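Student:
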Amino acid sequence: MGFGASISGRMELDTDGALVKRARDGDYGAFEVLFDRHRKLVYRFAYQMSSRRDDAEDIVQEAFVRAYQNLHRYRDEAKFTTWLLRIVTNLCTDQARMGQRRMALEQQEAAGALDWMTIGGVEDPVQNLEDDRRKQVLKRALGALPAHHRSVIVLRDLEEREYPDIAAILGCTVGGAKLRVLRARRALKDRIAPLLGEESK
Amino acid sequence: MNRKFEDKLVQLAFGDMSAEEAARVEAEAKTDPIAAQTLASYRDMRSGFSLMSDVPEDQLSKERLRDAILAQGLKPKPVPRFALWSYAWMPVAACAFTFGILMVRQHGKTSEPMVVMGPSATAKAFGNTDVTKLPNLVAMNPPTAKSVDEKLRSTGEDLVDDWGINDSAAQPAVDRSYHGRGGSGTGRSGGRHKRHEPEPQLMANIVLAGGVTVPLAVSDSAPPASAQNSMNNSQAALKKATAKPSGDGPIILIDQQQDAETGAQRATEVGSASNVIVGG
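In order, the protein sequence lines correspond to chains U and H. Just so we're on the same page, our numbering is the position in the first sequence counted from 1, plus 15. Just so we're on the same page, our numbering is the position in the second sequence counted from 1, plus 434.
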């Protein structure tokens with residue numbers, strides 16, 4: 016028992032590269048350590064992209080399955096998380112493109128109507144309501160964006176990743192990543208404006 | 435407000451700008467109400483992102499992942515090494531197809547000229563010239579019918595070369611004999627003739643107006659120097675006569691062998707040059 020725990024503890028201290036190497040050699044436990052280490056990060060990103068928990072979970076699971084099956088393609092010079100997020104980005108884009116995702120708007124709105132009472136850091140219910148309204152508008156606008164715009168907004172403005180990291184995930188230059196973020200923000204603003212108009216009416 | 439300035443406002447609102455430039459752009463935006471409003475909307479958008487940071491707990495588990503991986507096979511997929519090579523046949527096939535098209539076209543061009551003229555065309559070309567006295571039409575040892583037949587089975591190009599009617603194709607053979615180059619012909623034609631050197635020289639007859647038959651051949655022996663000019667003239671006349679394929683007259687091939695019954699030379703009338711090549 017103690018021996019197993021020491022092995023597990025040692026694996027958790029290992030770098031991603033070392034764990035990937037072990038997983039490549041057939042050590043499935045090493046891949047599980049990678050899963051435990053990065054699943055939150057991947058799930059957050061997938062949730063921001065899809066806005067639904069079950070969709071996000073499916074995406075994360077599929078991303079890890081693909082990562083495991085394609086471990087031999089992972090190049091050690093890139094960060095494992097960057098490679099993983101690239102897989103997730105592609106999955107989210109594919110999912111949005113194929114239209115497999117079904118937006119349960121009624122459910123979301125029903126759930127959102129109660130959010131201001133149940134969730135919120137501020138004691139003031141009016142402030143909570145206003146924050147929730149803004150959040151819903153942003154979510155709708157973000158969901159209406161094309162996947163390539165949405166992914167850069169999530170990476171930069173929600174996950175707060177650095178531009179070189181975004182460039183590596185998207186497979187472009189840093190300048191290209193900055194330009195994409197700029198365009199995505201402008202597109203998002205254009206989407207928000209009419210939604211705010213609807214809300215005020 | 436132009437687009438470039440709006441980009442600056444976006445960078446200012448999201449903090450992607452140095453402090454000095456940010457101060458300058460902000461001061462500039464204050465003077466323009468539309469710019470100020472745009473800047474405010476971008477800042478509002480940024481603050482709204484902070485509200486979206488809360489993410490519900492996931493229900494992912496190692497067991498679920500393991501099941502998913504096992505469902506698709508635990509072993510990682512091998513690299514399909516043949517994947518790239520499986521497409522290699524495409525450029526090869528394209529090259530082969532193009533080469534085939536070019537070869538067919540080239541073959542069609544070279545086999546196009548008429549090998550033997552009809553009487554009317556030849557008479558027109560020579561006019562009143564007594565072709566029997568042309569100095570370059572030197573009678574050679576007549577080939578046997580078998581050797582002619584073998585030659586006719588080969589390509590039309592070779593036929594033209596060996597009969598010496600196509601002047602450009604026969605040029606290396608003429609050069610070799612007349613100028614003593616010793617068979618060091620250059621270019622395609624030279625090389626082709628070099629291959630045929632061991633074969634006996636061929637001869638064909640041209641049927642002219644009035645039933646005159648002219649033996650036509652290229653000789654390895656040099657002609658007399660005095661005959662050089664008239665020989666060139668007659669070659670030019672022959673070339674002119676054979677340059678345009680005559681579609682009006684028949685093509686007649688005359689063998690050197692005599693017919694056993696009549697004692698006359700055998701003659702075969704064919705419809706086109708393709709018949710000559712295929713069947714003689």
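All C-beta atoms in this analysis are idealised placements derived from N, C-alpha and C, irrespective of residue type, glycine included. None of the values given here were measured: they were computed from a predicted structure.
1. If we ignore side chains and look at the alpha-carbon of each, how far apart do Phe-79 (chain U) and Phe-531 (chain H) end up?
2. The beta strand (DSSP E) that contains Leu-715 (chain H), what's its start and end?
3. For a contact meaning CB atoms closer than 7 angstroms, what does Gln-493 (chain H) contact in chain U?
4. Say whether chain U places a C-beta atom closer than 8 angstroms to the C-beta of Gly-482 (chain H).
5. Going straight from the alpha carbon of Ala-199 (chain U) to that of Tyr-178 (chain U), what length do you get?
6. Helix or strand or just coil, what does DSSP make of Glu-454 (chain H)?
7. How is the alpha helix (DSSP H) around Leu-89 (chain U) delimited, first residue to last?
8. Please name the residue in H:Lys-496, H:Arg-437, H:Glu-454 whose C-alpha comes closest to that of Thr-472 (chain H).
9. Below 6 angstroms CB to CB, which residues in the same chain sit around Glu-462 (chain H) once its five sequence neighbours on both sides are set aside?
10. Touching or not, the region 55-66 of chain U and the region 84-100 of chain U, by the rule of three or more beta carbon pairs under 8 angstroms?
11. For Gln-699 (chain H), which residues does DSSP report across the bridge?
12. Quick one: residues in its chain with C-beta nearer than 6 angstroms to the C-beta of Val-196 (chain U), no 5 flanking neighbours on either side, listed in chain order?
13. Using three-state DSSP, classify Gly-158 (chain U) as helix, strand or coil.
14. Any idea if Gly-482 (chain H) is buried or exposed, counting beta-carbon neighbours within 10 angstroms, 16 or more meaning buried?
15. Starting from Phe-79 (chain U), find everything on chain H with Cβ-Cβ shorter than 7 angstroms and list it in chain order.
16. Select from the region 461-476 of chain H all residues with a C-beta closer than 9 angstroms to any C-beta belonging to chain U, and list them in chain order.
17. Measuring CA to CA, which of H:Glu-454, H:Asp-689, H:Leu-536, H:Tyr-476 is closest to Arg-201 (chain U)?
18. Would you be able to state if there are at least three C-beta pairs under 8 angstroms between the region 36-45 of chain U and the region 452-467 of chain H?
19. Just verifying my parser: in three-state terms, what is the DSSP assignment at Phe-60 (chain U)?
20. Over the uninterrupted alpha helix (DSSP H) stretch that includes Lys-36 (chain U), give me the two end residues.
21. Hey, out of H:Phe-448, H:Gly-449, H:Val-459, whose CA is closest to Met-435 (chain H)'s CA?
22. Would DSSP call Gly-44 (chain U) helix, strand or coil?
23. With DSSP run on the structure shown, which of helix, strand or coil describes Asp-109 (chain U)?
24. Along chain U, in chain order, which residues have C-beta atoms closer than 7 angstroms to that of Lys-496 (chain H)?
25. Any beta-carbon of chain C closer than 8 angstroms to the one on Ile-207 (chain U)?
26. In whole angstroms, what separates the C-alpha of Leu-194 (chain U) from that of Ala-456 (chain H)?
27. Where do the N-terminal and C-terminal ends of the alpha helix (DSSP H) with Asp-73 (chain U) fall, by residue?
28. Is the shortest distance between the beta-carbon of Tyr-62 (chain U) and the beta-carbons of chain H less than 8 angstroms?
29. Can you confirm whether Met-451 (chain H), when its beta carbon is compared against all beta carbons of chain U, has any partner nearer than 8 angstroms?
30. I need the DSSP call for Gly-534 (chain H), collapsed to helix, strand or coil.
31. Comparing the C-beta of Arg-101 (chain U) with each C-beta of chain H, is any distance below 8 angstroms?
32. Please go through the same chain and pick out, in chain order, the residues whose beta-carbon is closer than 6 angstroms to the beta-carbon of Gly-158 (chain U), but skip the five residues on each side of it.
33. Scan the region 137-154 of chain U for residues whose Cβ lies nearer than 9 angstroms to a Cβ of chain H and list them as they occur along the chain.
34. Going by beta-carbon coordinates alone, are Gly-191 (chain U) and Ala-182 (chain U) separated by less than 8 angstroms?
35. Please name the residue, chosen from U:Tyr-83, U:His-87, U:Ala-162, that lies closest to Gln-506 (chain H) on a Cα-to-Cα basis.
36. By alpha-carbon positions, which one of U:Asn-85, U:Glu-77, U:Asp-91 ends up nearest to Asp-501 (chain H)?
Tutor: Based on what the coordinates show:
1. 46 angstroms
2. Any property of residue 715 (chain H) remains undetermined from this structure, which presents chain H solely from 435 to 714.
3. Glu-72
4. yes
5. 14 angstroms
6. helix
7. Sequence inspection shows Tyr at residue 89 (chain U); the Leu mentioned does not correspond to that position. First-last for Tyr-89 (chain U): undefined, no H or E at that position.
8. H:Arg-437
9. none
10. yes
11. H:Gln-692
12. Val-167, Arg-171
13. helix
14. buried
15. Leu-499
16. Thr-472, Ser-475, Tyr-476
17. H:Tyr-476
18. no
19. helix
20. 31-39
21. H:Val-459
22. helix
23. helix
24. Glu-47, Phe-50
25. This model lacks chain C altogether, as its protein chains are U and H.
26. 18 angstroms
27. 68-84
28. yes
29. no
30. helix
31. no
32. Ser-66
33. Asp-146, Asp-147, Arg-149, Lys-150, Val-152, Leu-153, Lys-154
34. yes
35. U:Tyr-83
36. U:Glu-77
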